[in-house]
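Trainee: Which chain is which? The protein sequence lines are X and U, in order.
Per the working numbering, residue 28 is the first one in the first sequence, and the count goes up by one each step.
Per the working numbering, residue 9 is the first one in the second sequence, and the count goes up by one each step.
Got a structure for you, questions after.
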Amino acid sequence: MSPAPAVKTLLIDGKDVSASGDQTILGAARENGISIPTLCHLDGLTEVGACRLCLVELKGSTRLQPACVMLVEEGMEVTTHTPRLQKYRRMILELLFAERNHVCSVCVANNMCELQDQAEAHGITHVRFPYRSPSLPVDASHERFALDHNRCILCTRCVRVCNEIEGAHTWDLLGRGVNSLLISDLHEPWGESDTCTSCGKCVQVCPTGALFDKSKVGGKVRKNPDFLSYLNEMREGLR
Amino acid sequence: MSKTITIDPVTRIEGHAKITLQIDDRSEVSEAYFHVTQFRGFEKICVGRPFYEMPTLMERICGICPVSHLLASAKACDALLAMKVPPSAGKLRRILNLAQLIQSHALSFFYLSSPDLLIGMDGDPKDRNLFGVMRKHPELGRGGIRLRQFGQQVIETLAGKRIHPAWVVPGGVTEPLSIEKRDKLLAQIPEVIAIVQKTLAWFKIEFENFREEIRSFANFPSLFMGLVTADDRAGYYEGKLRFTDSHGNIVADKLEAANYADFLGEAVEPFTFMKLPYYKPLGYPGGIYRVGPLARINMVENCGTPLAQQEWIEFRALERGAVLSSFHYHYARLIEMLFALEHIEEYLLDPIITETHARYSASLNNLEGVGCCEAPRGTLIHHYRVDEQGLITWANLVIATGHNNLAMNRGILQVARHFVRSEKLNEGMLNHVEAVIRAFDPCLSCSTHAYGQMPLQIRLLSADGKLLDELHRKSSSGNHD
């Protein structure tokens with residue numbers, strides 16, 4: 028059994044905080060009631076640092092660091108909310124909206140969407156960037172679920188939960204950058220996937236209306252990704 | 009010398025339109041066109057989207073009558089699922105539809121048209137608005153606002169929000185009605201019924217002053233179309249289509265809305281973005297017909313509720329056969345509000361209304377579905393085709409206002425011939441031409457409510473394009489969509 032990591036002390040938003048050496052800034056902050064916005068992060072999944080919404084400022088460095096992957100260090104001084112960070116977070120959210128067709132009013136996840144929540148929390152009333160308005164399909168070939176690429180923000184929560192928790196690895200990303208596309212198996216229709224177990228975990232962890240349960244449309248049913256912590260605790264023998 | 013007069017935009021209607029009048033060598037109006045200048049494109053926007061998204065997508069067509077589109081769309085989706093909805097959901101949907109009818113009719117009658125009736129067609133445009141109505145007849149103005157409020161409150165109580173609710177879904181509704189909410193609604197009904205009765209009493213005296221308008225406001229023989237229930241009443245949510253003629257005789261009956269393409273043609277003209285539906289057996293443009301309140305009241309032999317029935321008898325006594333003047337759309341609207349209130353009360357008193365099982369589920373069973381209901385302005389048809397995954401491949405919407413397109417064009421010609429004679433334009437003349445359109449209460453985009461605020465321009469041009477006369481009404485503030 029490896030020795031427990033040493034306890035580190037640091038300052039987050041002027042508050043003295045102590046954390047275990049293997050904790051991220053995000054973990055330490057949330058443990059101490061300091062909120063940092065996230066989209067790709069989900070308790071119970073590995074971190075990818077993809078959405079950059081959790082960027083924070085570190086004293087002594089001009090570079091912004093993603094709190095979800097940056098480990099705490101002794102003597103660190105972290106600031107989570109500054110005008111500069113707010114500016115970048117807003118920009119990130121606006122770019123997400125501009126990238127695909129996020130039409131909240133007619134989306135199946137309207138009022139139950141993490142992207143929408145973040146936009147609201149950041150006071151976004153309009154998007155300054157021109158919309159790309161890509162022509163993207165909907166894959167409704169699965170009997171129970173559907174994938175709408177128009178609402179996907181490429182956070183890869185679905186990819187990770189399918190691989191790490193369900194062990195099926197049905198989902199993956201095709202292509203690069205703005206042209207990336209979520210695919211099932213070897214870019215086959217979801218309904219024809221050999222690996223999908225129809226467990227629905229990907230639907231529950233999807234922060235937007237990209238993955239949804241057909242039978243729940245209009246039902247004002249919030250997704251529930253909290254099962255992940257429970258599953259992990261069970262696996263680690265904590266429950 | 010022939011000339012062209014353009015009224016652009018037409019005000020106090022829902023949407024964007026202009027009117028062109030052509031004047032011949034004898035200074036008489038020879039042609040009139042109602043141009044709908046906006047394009048929405050919903051039939052294309054929806055392609056590739058899942059069918060269960062349609063109710064919330066399609067209701068975005070309109071900010072005034074979203075409920076109508078919500079219902080027609082949900083019914084088309086019910087047809088795709090090949091299912092019936094739970095009895096409570098069916099009644100709740102009916103209440104929602106009637107509440108929508110009340111709020112929309114209140115808007116049309118009190119906010120948009122009562123200024124013409126109360127201030128006068130030739131009245132000062134500065135007073136010819138709801139504020140003018142409030143000054144001259146505060147009780148009428150207040151009553152109109154209260155009626156619209158009641159309609160919207162019913163929608164909010166049932167569906168969670170007043171505009172664009174997502175409560176109606178394929179298979180039923182998402183939430184049942186609680187007993188507390190039902191009782192709250194029931195308690196308000198006597199008060200709002202009294203408002204409609206008072207307004208009716210006022211209107212029946214008032215319309216005697218509009219003999220000339222009654223004679224000339226799209227007053228011509230035409231067919232009427234609408235949904236009729238199995239027990240021969242106007243069917244606002246269900247029923248089969250009926251056509252009657254100007255004598256009140258049934259021309260065609262028990263037509264399935266799903267087969268609308270067999271008897272309804274949709275013509276297209278280069279001067280407007282709005283299609284021109286016609287009754288196929290009579291061809292185009294001979295197959296002219298009207299829909300909406302006037303048609304619904306003209307087509308049935310009884311109303312089915314006691315107070316509205318009395319009014320209906322009085323109304324039908326106006327003429328032998330069908331009441332033909334489109335001016336009486338206003339009258340019909342008031343009777344329909346009374347009917348709707350009585351009917352809502354009836355549904356709310358039915359114990360089934362608070363049953364908690366309000367949604368059935370099913371998977372896709374048909375690749376084509378049609379949904380039809382009566383919107384405030386007339387029969388509304390949504391028709392979808394989907395692929396095996398349930399993604400829309402094709403859609404056709406026959407909107408209530410569209411049915412009246414031929415009649416509106418003819419109505420403008422009739423009014424313009426009657427009121428527009430001089431080469432010198434005046435505001436009252438222009439308002440008469442607009443008022444005939446208002447009588448139909450067209451819903452062009454269904455979202456603009458810039459009462460008295462939109463700029464209005466009318467230009468009198470000679471045949472060679474020379475400007476002979478011009479009239480402007482300045483915008484008092486920006487219009488909003």
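Yeah, the Cβ is synthetic: ideal placement off N, Cα and C, and Gly gets one too.
From a predicted model like this one, the values you see are computed outputs, not experimental measurements.
Relative to the C-alpha of U/Leu115, which candidate in U/Ala90, U/Asp135, U/Leu100 and U/Arg156 has its C-alpha closest?
Mentor: Of U/Ala90, U/Asp135, U/Leu100 and U/Arg156, the residue nearest in Cα terms is U/Arg156.
Trainee: Out of U/Glu36, U/Val93 and U/Ser112, point me to the one whose CA is closest to U/Gly71's CA.
Mentor: Measuring from the Cα of U/Gly71, the nearest candidate turns out to be U/Ser112.
Trainee: Which residue or residues does DSSP assign as beta-bridge partners of U/Val406?
Mentor: BP columns for U/Val406 point to U/Ile389.
Trainee: Could you tell me which chain X residues have their CB closer than 7 Å to the CB of U/Glu344, listed as they occur along the chain?
Mentor: Ordered by position in chain X, no residue passes the 7 Å Cβ test against U/Glu344, which lies about 29 Å from the chain.
Trainee: Give every residue of the same chain whose Cβ lies closer than 8 Å to the Cβ of U/Ile222, excluding the five residues on either side of it in the sequence, and list them in chain order.
Mentor: So the qualifying residues of the chain are Phe215, Ser333, Phe335 and His336.
Trainee: Mind listing the chain U neighbours of X/Ala136? Cutoff is C-beta to C-beta under 7 Å, in chain order.
Mentor: Those within 7 Å of X/Ala136 in chain U number zero; the least Cβ separation is about 11 Å.
Trainee: Determine the chain X residues that contact U/Arg57 at a beta-carbon separation under 7 Å, and present them in chain order.
Mentor: The contacting residues are Val165.
Trainee: Going by Cα to Cα distance, which pick from X/Ala56, X/Gln145, X/Leu80 and X/Ala31 is closest to X/Lys42?
Mentor: Nearest of X/Ala56, X/Gln145, X/Leu80 and X/Ala31 to X/Lys42, Cα basis: X/Ala56.
Trainee: Any idea what DSSP makes of X/Gln92, helix, strand or coil?
Mentor: Strand, per DSSP.
Trainee: For the segment 392 to 407 of chain U, list every residue whose C-beta sits within 8 Å of some C-beta in chain X, in sequence order.
Mentor: Here the close residues are Gln397, Gly398 and Leu399.
Trainee: Look at the Cβ atom of U/Pro285, then the Cβ atom of U/Leu272, and state whether they are nearer than 9 Å.
Mentor: Yes; because the gap between Cβ atoms is below 9 Å, this pair is in contact.
Trainee: What residues of chain U sit near X/Ala173, judged by a beta carbon separation below 7 Å?
Mentor: Going along chain U in sequence order, the residues near X/Ala173 (Cβ under 7 Å) are Pro58.
Trainee: Mind checking if U/His172 is an interface residue toward chain X, Cβ cutoff 9 Å exclusive?
Mentor: It does; some Cβ of chain X falls within 9 Å.
Trainee: Using a beta-carbon distance below 9 Å, is U/Arg68 in contact with chain X?
Mentor: For U/Arg68, the answer is yes, since a Cβ of chain X falls inside 9 Å of its Cβ.
Trainee: Considering only the alpha carbon of each residue, which of U/His391, U/Phe281, U/Ala269 and U/Glu183 lies closest to U/Glu363?
Mentor: Looking at the Cα atoms, U/Glu183 is the closest of the given residues.
Trainee: Going along the chain, which residues of the segment 131 to 158 of chain X sit with their C-beta nearer than 8 Å to a C-beta in chain U?
Mentor: Listed by position, the residues of the segment 131 to 158 of chain X near chain U (Cβ gap below 8 Å) are Ser132, Val133, Val135 and Asn137.
Trainee: Between the segment 279 to 295 of chain U and the segment 362 to 376 of chain U, do three or more beta carbon pairs fall short of 8 Å?
Mentor: Judged by Cβ distances under 8 Å, the segment 279 to 295 of chain U makes no contact with the segment 362 to 376 of chain U, as fewer than three pairs qualify.
Trainee: Cα-Cα, which of U/Lys11, U/Tyr41 and U/Asp16 is closest to U/Leu421?
Mentor: Measuring from the Cα of U/Leu421, the nearest candidate turns out to be U/Tyr41.
Trainee: Would DSSP call U/Arg367 helix, strand or coil?
Mentor: Strand.
Trainee: Using only CA atoms, which one of X/Asp49, X/Phe156, X/Gly202 and X/Leu238 lies nearest to X/Val99?
Mentor: For the residues X/Asp49, X/Phe156, X/Gly202 and X/Leu238, the minimum Cα distance to X/Val99 belongs to X/Asp49.
Trainee: Does X/Ser211 have its Cβ less than 9 Å from a Cβ in chain U?
Mentor: False, the Cβ-Cβ gap to chain U never drops below 9 Å.
Trainee: I'd like to know if X/Glu219 contacts chain U, where contact means its C-beta is closer than 9 Å to some C-beta of that chain.
Mentor: No, its Cβ sits nowhere closer than 9 Å to a Cβ of chain U.
Trainee: Using only alpha-carbon positions, find the residue among X/Asn206, X/Gly87, X/Gly227 and X/Cys95 that is nearest to X/Phe172.
Mentor: Per the Cα distances, X/Gly227.
Trainee: Judging by CA-CA distance, which residue of U/His77, U/Pro178 and U/His351 is the nearest neighbour of U/Pro94?
Mentor: Selected option, being the one with the closest Cα: U/Pro178.
Trainee: Tell me, please, whether the CB atom of U/Thr182 is closer than 9 Å to any CB atom in chain X?
Mentor: So, interface residue.
Trainee: Looking only at C-alpha atoms, which of U/Ala174, U/Tyr368, U/Leu104 and U/His411 sits nearest to U/Lys92?
Mentor: When each option's Cα is compared against that of U/Lys92, the closest is U/Tyr368.
Trainee: Going along the chain, which residues of its own chain have a beta-carbon closer than 6 Å to the beta-carbon of X/Leu208, five neighbours each way excluded?
Mentor: Contacts found: Leu201 and Gly202.
Trainee: I need the straight-line Cα distance from U/Leu104 to X/Arg187, nearest angstrom please.
Mentor: When rounded, the distance between both Cα atoms is 44 Å.
Trainee: So if DSSP puts U/His43 in a beta bridge, which residue, or which two residues, is it bridged to?
Mentor: Looking at the DSSP assignment, U/His43 forms a beta bridge with U/Lys26.
Trainee: Rounded to whole angstroms, what's the CA-CA distance from U/Pro173 to U/Ala167? Just pull it up for me.
Mentor: Distance between the alpha carbons of U/Pro173 and U/Ala167 is about 6 Å.
Trainee: Roughly how many angstroms lie between the CA atoms of U/Gly386 and X/Asp212, to the nearest whole one?
Mentor: Going from the Cα of U/Gly386 to the Cα of X/Asp212 covers about 50 Å.
Trainee: Could you give the distance in angstroms between the alpha-carbon of U/Arg68 and the alpha-carbon of U/Ala97?
Mentor: Those two C-alpha atoms are separated by around 22 Å.
Trainee: Can you list the residues of chain X that U/Leu65 reaches, using a CB-CB cut of under 7 Å?
Mentor: Result: Val133.
Trainee: In this structure, how does DSSP classify U/Gln461 when only helix, strand and coil are distinguished?
Mentor: Low confidence applies to U/Gln461: its pLDDT is 34, below 50, so where it sits in the model is not reliable enough to give any reading.
Trainee: Under the three-state reduction of DSSP, which class applies to X/Glu260: helix, strand or coil?
Mentor: DSSP places X/Glu260 in helix when its eight states are reduced to three.
Trainee: What is the rounded straight-line gap between the Cα of X/Val53 and the Cα of X/Ser45?
Mentor: Strictly speaking, residue 53 of chain X in this sequence is Leu, with Val absent from that position. Taking the straight line joining both Cα atoms gives about 13 Å.
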